[in-house]
Amino acid sequence: MRGEEEKRHKKEQIIPEVKLDRKTPVSFEKEVEPILVNKCAFCHSGQIKEGKFDLTSYDTMMRGGKRGPAVIPGKGAESLLFKLSKKEIRPYMPPKSEEPVTAQELALIKLWIDQGAKPPTGSRETIKVVLKAPPTIVTPVLGVAVSADKSAVAAGRGNQIHVYDGAKGDHIRSLNDPAVVGADKKPLNAAHLSLVESLVYSPDGKWLASGSYQEVKLWDAKTGELRKTITGFAERVVTLAFSNNSKLLACGGGAPTQEGELKLIDAESGKVVQDIKTNVHSDTVFGVAFSPDDKSIVSGGADKFVKTFDVASGKFLKSFEGHTHHVMGVGWSGDGKLLASAGADNVVKIWDYEKGEQVRTINAATKQLTSLVFVGKKNDFLTTSGDNQARMWSITGGNNRNFTSEGGDFLYCIATSPDGAVVAAGAQDGGVRLFNGATGAVIKTLLPPGVLKAEPKKEEPKKMEPKKKK
Numbered sequence: 000m001r002g003e004e005e006k007r008h009k010k011e012q013i014i015p016e017v018k019l020d021r022k023t024p025v026s027f028e029k030e031v032e033p034i035l036v037n038k039c040a041f042c043h044s045g046q047i048k049e050g051k052f053d054l055t056s057y058d059t060m061m062r063g064g065k066r067g068p069a070v071i072p073g074k075g076a077e078s079l080l081f082k083l084s085k086k087e088i089r090p091y092m093p094p095k096s097e098e099p100v101t102a103q104e105l106a107l108i109k110l111w112i113d114q115g116a117k118p119p120t121g122s123r124e125t126i127k128v129v130l131k132a133p134p135t136i137v138t139p140v141l142g143v144a145v146s147a148d149k150s151a152v153a154a155g156r157g158n159q160i161h162v163y164d165g166a167k168g169d170h171i172r173s174l175n176d177p178a179v180v181g182a183d184k185k186p187l188n189a190a191h192l193s194l195v196e197s198l199v200y201s202p203d204g205k206w207l208a209s210g211s212y213q214e215v216k217l218w219d220a221k222t223g224e225l226r227k228t229i230t231g232f233a234e235r236v237v238t239l240a241f242s243n244n245s246k247l248l249a250c251g252g253g254a255p256t257q258e259g260e261l262k263l264i265d266a267e268s269g270k271v272v273q274d275i276k277t278n279v280h281s282d283t284v285f286g287v288a289f290s291p292d293d294k295s296i297v298s299g300g301a302d303k304f305v306k307t308f309d310v311a312s313g314k315f316l317k318s319f320e321g322h323t324h325h326v327m328g329v330g331w332s333g334d335g336k337l338l339a340s341a342g343a344d345n346v347v348k349i350w351d352y353e354k355g356e357q358v359r360t361i362n363a364a365t366k367q368l369t370s371l372v373f374v375g376k377k378n379d380f381l382t383t384s385g386d387n388q389a390r391m392w393s394i395t396g397g398n399n400r401n402f403t404s405e406g407g408d409f410l411y412c413i414a415t416s417p418d419g420a421v422v423a424a425g426a427q428d429g430g431v432r433l434f435n436g437a438t439g440a441v442i443k444t445l446l447p448p449g450v451l452k453a454e455p456k457k458e459e460p461k462k463m464e465p466k467k468k469k
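The sequence shown: position 74 = 73 (numbering that gives the first Met the number 0), numbered continuously.
Right, here's the structure in full:
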């Protein structure tokens, strides 16, 4: 019976093949990539890569994912990308809840693969993205923030922002922008239309900033009301940092493989005061932080560089080279003399800022590091990684420790109160691990509103069978 249902379901879902009557080459950047960006990118780009399959660029796509190569040049019908998109095999791509590729789009993908899956031939053009709400299956916490007074913890899941009590972990509110509507023009009761990629509270407790696709929003940290929407960004805003005086907001992101984006926003007016262009990163900016005196910012990007810029002028100051993969997080020591950077190469590098030299390399994780944040103006900093560990380090060496691990999920982001007492880390499963910063113990796992944590099954005591008499 189950087999018959599966066959019927498959027959209903499968996308029919159509043959394209054309002999001209299919362009990846003009014809195939726009399909992938608009139909598949939510689950396979940026920080979310379901099945370890990354559609950020041609090169990452051709590397395939957990199930091996996704594209076999010259063999469209045998390629995993084609089979998943056609809904010939599970898991379907896009998922059932989302708009599937059309028969024409599927034929275009197949023909491109049959023609040899040729790479882009020229400079990448700007793709027109049809902005829509993310699939409901997208629940990883990509952004997390802890208020300076420790009263609140904010988490970004999908297009939602949930705020919790910093001490008890109870859900306080979910942020809502009434202007965010779906294709049917009905309110979505969401903070953004697209994914919430980054979150940060201002040190003075006034603002909660959130970054998403081509926009940043400033919310009243006390009431949850939306105060400002700042647009004009080229791509996703994946990293945010307030200056220590709370007057400026640094926003980082940019189009993958094209150009990094780094802007400074006046928090009170919402206006851009610096749009840094000279010597900015050549790829997405994943980390940004202000120096203790607010005179400089440090940034890290997918181009493997750590760079610093003057806040007042936007002028490029220094560049630090040494990572062999994306730089995912950066920060400044409390005295401003040292920098720390965390990379997808699993290492943290410590730099002498004045000399521009590397001080040491720390083998910090068994999988890629995903974020780094300093504890206030101290010399301690925190990291998260794909090996499900949150860790605290001292920039001067020693005093390093792992936080209690709960579950085996990939951790994407981390935030702390200025005194380090409350630490929160966002996970792949949608949970936020709330830690006691002093002991490293888990206080609570913060789940989406209405979701109850599954209790472990209690084993029934085995009944003793009476022994048979011989």
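We put the CB at the ideal spot given by N, CA and C, even for glycine.
Checking the sheet assignment: what are the DSSP bridge partners for F373? The partner list for F373 (beta bridge, DSSP) reads F380.
Counted within 10 angstroms of its Cβ, other Cβ atoms place K109 as buried (16 or more) or exposed: Burial is judged here by how many other beta carbons sit within 10 angstroms of a residue's own beta carbon; K109 has at least 16 and is buried.
Name the DSSP bridge partner or partners of P186? DSSP, once it has assigned bridges, lists V180 as partnering P186.
Can you grab the Cα-Cα spacing for the pair G313 / T415, in whole Å? If you take the alpha carbons of G313 and T415, they lie about 28 Å apart.
Can you check which of these residues, K65, S26, M61, G75, is closest to K18 by C-alpha distance? Distances from the CA of K18 to each of K65, S26, M61, G75 were compared; the closest alpha carbon is that of G75.
Residue closest to F81, alpha-carbon to alpha-carbon, out of Y57, S56, W111: With distances taken between CA atoms, F81 lies nearest to W111 out of Y57, S56, W111.
For P255, the nearest candidate out of P291, D302, K86, A106 (CA to CA): D302 is the residue among P291, D302, K86, A106 whose C-alpha sits nearest the C-alpha of P255.
Give a yes or no on contact between the stretch 361-368 and the stretch 420-431, applying the rule of three or more CB pairs nearer than 8 Å. No contact exists between the stretch 361-368 and the stretch 420-431.
Report the three-state DSSP secondary structure of L194 (helix, strand or coil). Collapsing the DSSP output to three states places L194 in coil.
Are the stretch 143-152 and the stretch 188-206 touching by the rule of at least three beta carbon pairs closer than 8 Å? In the pairwise beta carbon analysis, the stretch 143-152 is classified as touching the stretch 188-206: at least three pairs are separated by under 8 Å.
Report the partner residues of K262 according to the DSSP bridge assignment. In DSSP, K262 forms a bridge with C250, D274.
Is it the case that the Cβ atoms of T238 and G269 are separated by a distance below 8 Å? No, they are not a contact pair.
Cutoff 6 Å; reference N435; Cβ partners in own chain excluding five residues on either side: Cβ within range, chain order: I442.
Return the bridge partner residues of T59 from the DSSP annotation. Paired residue(s): none; T59 is not in a bridge.
Compare the Cα-Cα distances from S211 to each of P186, G157, A166, E258 and report the closest residue. Of the candidates P186, G157, A166, E258, the one whose C-alpha sits nearest the C-alpha of S211 is G157.
For T138 and V100, what's the separation of their Cα atoms in angstroms? Cα to Cα, the separation comes out at about 23 Å.
Where does Q427 sit, in a helix, a strand or coil, going by DSSP? Taken through DSSP and simplified to helix, strand or coil, Q427 comes out as coil.
Short of 7 Å in beta carbon distance, which residues of its chain neighbour I13, apart from the five on each side in sequence? Order them along the chain. Scanning its chain for C-beta atoms nearer than 7 Å, with the 5 sequence neighbours on each side dropped, one finds around I13 the residues K85, K86, E87, in chain order.
Just reading off the beta strand (DSSP E) that S213 is part of, what are its end residues? Here residue 213 turns out to be Gln, not Ser, going by the sequence shown. Start and end: 206-219.
Boundaries (first-last residue) of the alpha helix (DSSP H) holding E112: The displayed chain sequence assigns Ile, not Glu, to residue 112. It spans 102-113 - the alpha helix (DSSP H) in which I112 sits, taken as one unbroken run.
Selection from F304, A343, I361 that minimises the alpha carbon distance to G355: F304 is the residue among F304, A343, I361 whose C-alpha sits nearest the C-alpha of G355.
Use the C-beta contact count for E32: other C-beta atoms within 10 angstroms, 16 or more gives buried, fewer gives exposed. It is buried - the Cβ of E32 has at least 16 other Cβ atoms within 10 Å.
Among S26, E214, K205, L225, which residue has its Cα nearest to the Cα of N244? Taking only the C-alpha atoms, the option nearest N244 is K205.
Give me the Cβ distance between A233 and G251, rounded to the nearest whole Å; I'm assuming they're in contact under 8 Å. Cβ-Cβ separation between A233 and G251: approximately 11 Å, too far for a contact (criterion under 8 Å).
Under 7 Å Cβ to Cβ from D148, same chain only, skipping five residues before and after it: list those, please. Sequence-distant partners of D148 (beyond 5 residues in either direction) whose C-beta falls short of 7 Å from its own C-beta, in its chain, are G204.
Rounded C-alpha distance that separates V70 from E260: Cα to Cα, the separation comes out at about 31 Å.
Nearest-angstrom Cα separation, counted from Q114 out to A473: Since the displayed the chain opens at 0 and closes at 469, residue 473 lies outside it and no answer follows.
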